[in-house]
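Visitor: First residue of the sequence shown? That's 3 in the numbering used here, and the numbers climb one at a time after it. We put the beta carbon where it would ideally sit given N, CA and C, even for glycine. Quick caveat: nothing in here was measured; it's all calculated off a predicted structure.
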Amino acid sequence: MKLLVTGSAGFIGSALSEALLARGDEVIGLDNHNDYYEVSLKEARLARFADNPNYTHVRLDLADREGVEKLFEKYKPERVINLAAQAGVRYSLTNPLAYMDSNIIGFAHILEGCRHHGVEHLVYASSSSVYGAKTAMPFSVHDNVDHPLSLYAASKKANELMAHTYSHLFNLPTTGLRFFTVYGPWSRPDMAMIKFAKAIQAGEPIDVFNYGRHRRDFTYIDDVVEGVIRALDQPATPNPDWTGEAPDAASSSAPWRVYNIGSNNPINLLDCISELEKTLGKTAIKNLLPMQPGDVPDTYADVADLIHDLGYQPSTSIELGIKKFTQWYLDFYK
């Protein structure tokens, strides 16, 4: 297929692009190369596949309405995977308008491109952050998610609502994927795993919020990529049993779906740090702090729908995942 992957220089987008090229798809990769973190890392990710004859790179910001329109007109992708977004919960506390530009306006431009150019299926990144103040575990896609705790989370919930209107009005199949704490090689330097690894290696203290009592459903990058590809290959369809009297939050009478992609096995943050200490051969100096604004105490993904509909369940253990991450980290950062 000819596929548009936005955020192709990002953590998940680059891994996905590499996997799609490996199976023979043609990939149009879009990324704006912004400086939210070091651009050199983005360039290094792209270097893994930029010379592939089936890959075309476009440097463009999703907020550029005319640029996105021209992109769709020129390349006419059959399916689209939108992973480009302003990421990070904590950054949304200090720079909220960046989330409006990328996650709301940019996503609207993607929806319009799909609508006007006959795209067969739009798959887009949502987030476990949409569960917000919910405390009942595990988090199910069939639950209400109307209480986000950060603007980042609110923007991802908005994406799901925006996608639904396009599915309903224009019969555009859309699938939203709620990612749960993705980690692994080539990850973003603002993410906990790599921040901890750097500090432990340097003998510097690490900030451990909520006094280390967080539990996170850590999900290895390869598992996430396989889940995205399975979703991509199975366009969303209407749920024939959906009714307005008892509406299901995960499906619709329109071709719209949302899924959790998580390990279904939450890990205590201190246990994760302990595993990092083992693989790095060094002890962490922990600076225990209270809960950060915008954070949620725990995440725990119910992946029953992912298993039932897409035939897949993430399976990489935290021990194996951290081992692979550490090997990459030590090699890349010397």
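Just the C-alpha distance for residue 235 and residue 146, rounded to the nearest angstrom, thanks.
Guide: Taking the straight line joining both Cα atoms gives about 27 Å.
Visitor: What residue range is occupied by the uninterrupted alpha helix (DSSP H) comprising residue 19?
Guide: Residues 13-24.
Visitor: Give me, in chain order, the residues of the same chain whose beta-carbon lies closer than 8 Å to that of residue 311; leave out the 5 immediate sequence neighbours on both sides.
Guide: Cβ neighbours of residue 311 beyond the five flanking positions: 236, 259, 261.
Visitor: So, helix, strand or coil for residue 172, using DSSP?
Guide: In this structure, residue 172 counts as helix in the three-state DSSP scheme.
Visitor: Could you have a look at residue 180 and say whether DSSP puts it in helix, strand or coil?
Guide: Correct three-state label for residue 180: strand.
Visitor: If you count every other CB in all the chains shown that lies within 10 Å of the CB of residue 266, and 16 or more means buried, which is it?
Guide: Residue 266 comes out buried.
Visitor: Would you report the Cα separation of residue 63 and residue 281, rounded to the nearest angstrom?
Guide: In a straight line, the C-alpha of residue 63 is about 38 Å away from that of residue 281.
Visitor: Let me make sure I understand the geometry here. Which of 303, 90, 201 has the alpha-carbon closest to that of residue 105?
Guide: Residue 105 has its Cα closest to that of 90, out of 303, 90, 201.
Visitor: Whole angstroms is fine: what's the gap from residue 172's alpha carbon to residue 117's?
Guide: Taking the straight line joining both Cα atoms gives about 7 Å.
Visitor: Give a yes or no on whether the C-beta atoms belonging to residue 20 and residue 50 are separated by under 8 Å.
Guide: Cβ atoms of residue 20 and residue 50: closer than 8 Å.
Visitor: For my contact list, residue 134 and residue 151 are in at a C-beta cut-off of 8 Å; report their separation, rounded to the angstrom.
Guide: Contact flag correct, Cβ pair sits at about 5 Å.
Visitor: Identify every run of the alpha helix (DSSP H) within the stretch 245-294, keeping only runs that are complete inside it and at least 4 residues long; order them along the chain.
Guide: 271-282, all fully within the stretch 245-294.
Visitor: So what does DSSP say about residue 232, is it helix, strand or coil?
Guide: In this structure, residue 232 counts as helix in the three-state DSSP scheme.
Visitor: For residue 1, write down the residues that DSSP places opposite it in a beta bridge.
Guide: Since the first residue of the chain shown is 3 and the last is 336, residue 1 is not available in this structure.
Visitor: Once you ignore the five residues that flank residue 227 on each side, which residues in its own chain have a CB closer than 8 Å to its CB?
Guide: The answer, listed in chain order, is 14, 17, 18, 21.
Visitor: What is the residue span of the beta strand (DSSP E) that residue 58 lies within?
Guide: It spans 57-61 - the beta strand (DSSP E) in which residue 58 sits, taken as one unbroken run.
Visitor: Kindly indicate which three-state DSSP category residue 8 falls into: helix, strand or coil?
Guide: Residue state, collapsed to three classes: strand.
Visitor: At which residues does the beta strand (DSSP E) containing residue 43 begin and terminate?
Guide: It is not in any beta strand (DSSP E) - residue 43 instead sits in the alpha helix (DSSP H) that spans 41-48.
Visitor: Is residue 253 near the ligand ATP, going by C-beta to nearest heavy atom under 7 Å?
Guide: The ligand ATP is not part of the structure shown, which contains no ligands of any sort.
Visitor: If we ignore side chains and look at the alpha-carbon of each, how far apart do residue 154 and residue 139 end up?
Guide: So the two alpha carbons sit approximately 21 Å from each other.
Visitor: Measuring CB atoms only, is the stretch 206-214 touching the stretch 267-281, in the sense that at least three cross pairs come out at less than 8 Å?
Guide: Judged by Cβ distances under 8 Å, the stretch 206-214 makes contact with the stretch 267-281, as three or more pairs qualify.
Visitor: Which of the three DSSP states is assigned to residue 215 in this structure?
Guide: In the structure shown, residue 215 sits in coil (DSSP, three-state: anything other than H, G, I, E or B).
Visitor: Counting C-beta neighbours from all protein chains within 10 Å, is the total for residue 185 16 or more, i.e. buried, or is it exposed?
Guide: It counts as buried.
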